[in-house]
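Everything in the sequence shown is counted per our numbering, starting at 36 for the first residue and increasing by one. Backbone N, C-alpha and C fix where the C-beta goes; we use that ideal spot for every residue, glycine too. It should be emphasised that the depicted structure is a prediction, and the values quoted were computed from it without experimental measurement. Heads up: the structure comes next, in structure tokens.
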Amino acid sequence: MKFYKEIEFFENIFRIDYFKAVMENSLIKSLIFIDPDNGLQVKKSNKKHILYAELLDIYNIIDDDSILMIYQHSPRENHDEYLKRRTNELNKLTNAAPTLSPIMKSFSSF
36 MKFYKEIEFF ENIFRIDYFK AVMENSLIKS LIFIDPDNGL QVKKSNKKHI
86 LYAELLDIYN IIDDDSILMI YQHSPRENHD EYLKRRTNEL NKLTNAAPTL
136 SPIMKSFSSF
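Given below as structure tokens:
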């Protein structure tokens, strides 16, 4: 198992360099787990969000044997509608159908 840890702590001022360095590493047969502080890009994203452009850059360089996993805490809105909206956004971004984990599906009734 190999962990990317060139930069110990993520800092927004080094954001471009951070993602460039990750992409220069081999992402073959990899599990890429992303856990942004505040989640996926929103209308007024800040340094604690991961931007769709950053996700797309990573998605475009991983191979078919890799998994891109994103943790997203459910916001205070209808859970099913939120999952549908985010799934549609990620589908448009990647031209692939995102898969929801069984854990996320189990919370969909809350």
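The beta carbons of I67 and L103 sit about 5 Å from each other, so the pair counts as a contact at 8 Å. For I69, the uninterrupted beta strand (DSSP E) run begins and ends at L66 to I69, by DSSP. Distance from the Cα of T129 is smallest, within the candidate group Y53, Y87, L62 and I51, for Y87. Apart from the 5 residues on each side of it in sequence, I85 sits with its Cβ closer than 8 Å to the Cβ of I69, P71, G74, L75, Q76 and I105 in its chain, given in chain order. Residue state for I102 is assigned as strand, using DSSP reduced to three classes. Residue burial is scored here from C-beta neighbours: L125 has at least 16 other C-beta atoms within 10 angstroms and is therefore classed as buried.
Note: H84 is bridge-paired with G74 in the DSSP secondary-structure output. Here E89 is buried. Its C-beta has 16 or more other C-beta atoms within 10 Å. Distance from K82 to N47 at the Cβ level is roughly 3 Å; contact confirmed, criterion being Cβ atoms closer than 8 Å.
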